[in-house]
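Chemist:
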Amino acid sequence: MNIIFKDVENNRIRDCFCDVIESFEVLHEFEIVVSQQKLKSSTMQAQPVISLKSIFTGVKRYRIKLNEYIRDHEELKIRDVPEDVLKGWFAHELGHVVDYKQHSNFKMIIFGMKYLLFKEFKKKVEHDADYIAITYGFQDEILATKRYIIEHDLIGHKYKSKILKYYLPEEDVLLCSEDKTILKPYLDL
Numbered sequence: 133m134n135i136i137f138k139d140v141e142n143n144r145i146r147d148c149f150c151d152v153i154e155s156f157e158v159l160h161e162f163e164i165v166v167s168q169q170k171l172k173s174s175t176m177q178a179q180p181v182i183s184l185k186s187i188f189t190g191v192k193r194y195r196i197k198l199n200e201y202i203r204d205h206e207e208l209k210i211r212d213v214p215e216d217v218l219k220g221w222f223a224h225e226l227g228h229v230v231d232y233k234q235h236s237n238f239k240m241i242i243f244g245m246k247y248l249l250f251k252e253f254k255k256k257v258e259h260d261a262d263y264i265a266i267t268y269g270f271q272d273e274i275l276a277t278k279r280y281i282i283e284h285d286l287i288g289h290k291y292k293s294k295i296l297k298y299y300l301p302e303e304d305v306l307l308c309s310e311d312k313t314i315l316k317p318y319l320d321l
């Protein structure tokens, strides 16, 4: 594995990320940079690193950005969330990376534009990331993350609304344990 931590000083965050990525063997061949920085519209983001060089060589690299705080709240630090919640967040982001790896760098540019422009596409992408994380064994952690965000008194209504609008509903996460056929499209990614 080629994991690079940039400005991530908290060992608990590093350890949680390493624990989660261990299960995502399909990503072990890629360079993944985990950087802690200020984000305006989210708590974490997974992105491909697309450069002129990568377009011509086809070499894929990825970046996971994490905020120091939970979105819109300067008192709730990422380093302080429960371990299962942090792992659920990382599993979701790595689910995105698994989804991204099947696309060429050029197709990822189109993918990114569709994500920004079309709400239904954005919803599908966020659902897919959760489904992928669940296929890698992180159903309980995905559920813990959703419950933490929705039920926490200090997390703002705007962020909760975004989670409820675009991300996989809790009922669907629970359905995955009852009906494994839901996950079949994600098993081959």
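Throughout, our numbering is defined as the position within the sequence shown, counted from one, plus 132. Where is the CB? At the ideal position from N, CA and C, for every residue including glycine.
From the DSSP output, read off the bridge partner residues of residue 199.
Modeler: Here residue 199 is taken as the residue at index 67 of the sequence shown, counted from 1. Residue 199 is not bridged to any residue.
Chemist: Determine the closest residue to residue 220 out of 307, 155 and 163, with distance taken between C-alpha atoms.
Modeler: Walking along the sequence shown from the start, residue 220 turns up at place 88. Residue 155 is the option with its Cα nearest to residue 220.
Chemist: Would you kindly check if the distance between the Cβ of residue 230 and the Cβ of residue 159 is under 8 Å?
Modeler: One-based indexing of the sequence shown puts residue 159 at position 27. One-based indexing of the sequence shown puts residue 230 at position 98. Cβ atoms of residue 159 and residue 230: closer than 8 Å.
Chemist: What are the start and end residues of the beta strand (DSSP E) that includes residue 138?
Modeler: For the purposes of this step, residue 138 is taken as the residue at position 6 of the sequence shown. Element bounds for residue 138: 134 to 138.
Chemist: For residue 287, which of helix, strand or coil comes out of DSSP?
Modeler: Position 155 of the sequence shown, counted from the start, is the residue given in the question as residue 287. The DSSP-derived three-state label of residue 287 is coil.
Chemist: In terms of residues, what are the limits of the alpha helix (DSSP H) holding residue 157?
Modeler: Counting from one through the sequence shown, the residue named residue 157 turns up at place 25. Per DSSP, residue 157 belongs to no alpha helix (DSSP H) and is neither H nor E.
Chemist: Is the segment 197 to 209 touching the segment 272 to 289, taking contact as three or more C-beta pairs under 8 Å?
Modeler: yes
Chemist: Take residue 307 as the anchor and find which of 297, 266 and 280 has the nearest alpha-carbon.
Modeler: Against the sequence shown, residue 307 aligns to sequence position 175. Per the Cα distances, 266.
Chemist: Please state whether DSSP places residue 230 in a helix, a strand or coil.
Modeler: Numbered from 1 along the sequence shown, position 98 holds the residue referred to as residue 230. Reduced to three states, the DSSP call for residue 230 is helix.
Chemist: Could you name the residues that DSSP lists as bridge partners for residue 261?
Modeler: The sequence position of residue 261 within the sequence shown is 129, counting from 1. None; residue 261 has no bridge partner.
Chemist: Check this for me: beta carbons of residue 215 and residue 193, under 8 Å apart or not?
Modeler: Position 83 of the sequence shown holds residue 215. Position 61 of the sequence shown holds residue 193. Contact flag unset, no.
Chemist: Could you check what DSSP says for residue 131 in three-state terms: helix, strand or coil?
Modeler: Within the shown structure, residues of the chain are numbered from 133 to 321, placing residue 131 beyond reach of any answer.
Chemist: Using only alpha-carbon positions, find the residue among 180, 161, 279 and 168 that is nearest to residue 242.
Modeler: Counted from its first residue, the sequence shown places residue 242 at position 110. Closest option to residue 242, Cα to Cα, is 180.
Chemist: Over what stretch of residues does the alpha helix (DSSP H) that includes residue 164 continue unbroken?
Modeler: Translated into the one-based positions of the sequence shown, residue 164 becomes position 32. Taken as a continuous stretch (DSSP letters only), residue 164 belongs to no alpha helix (DSSP H), being part of the beta strand (DSSP E) at 163 to 168.
Chemist: Compute the beta-carbon to beta-carbon distance between residue 262 and residue 299, rounded to the nearest angstrom, for a pair I have assumed lies under 8 Å.
Modeler: Locating residue 262 in the sequence shown gives position 130, where the first residue counts as 1. Locating residue 299 in the sequence shown gives position 167, where the first residue counts as 1. Their Cβ separation, rounded to whole angstroms, is 7 Å, which keeps residue 262 and residue 299 in contact under 8 Å.
Chemist: Counting along the chain, where does the alpha helix (DSSP H) carrying residue 268 start and finish?
Modeler: Here residue 268 is taken as the residue at index 136 of the sequence shown, counted from 1. First-last for residue 268: undefined, no H or E at that position.
Chemist: Do residue 136 and residue 150 count as a contact pair if the criterion is CB distance below 8 Å?
Modeler: As a first step, residue 150 is located in the sequence shown; it is residue number 18 there, counting from the start. As a first step, residue 136 is located in the sequence shown; it is residue number 4 there, counting from the start. No.
Chemist: Can you list, in chain order, the residues of its chain with a C-beta nearer than 7 Å to that of residue 133? Leave out the 5 residues immediately preceding and following it.
Modeler: As a first step, residue 133 must be located in the sequence shown, where it is residue number 1. Same-chain partners within the cutoff: 153 and 160.
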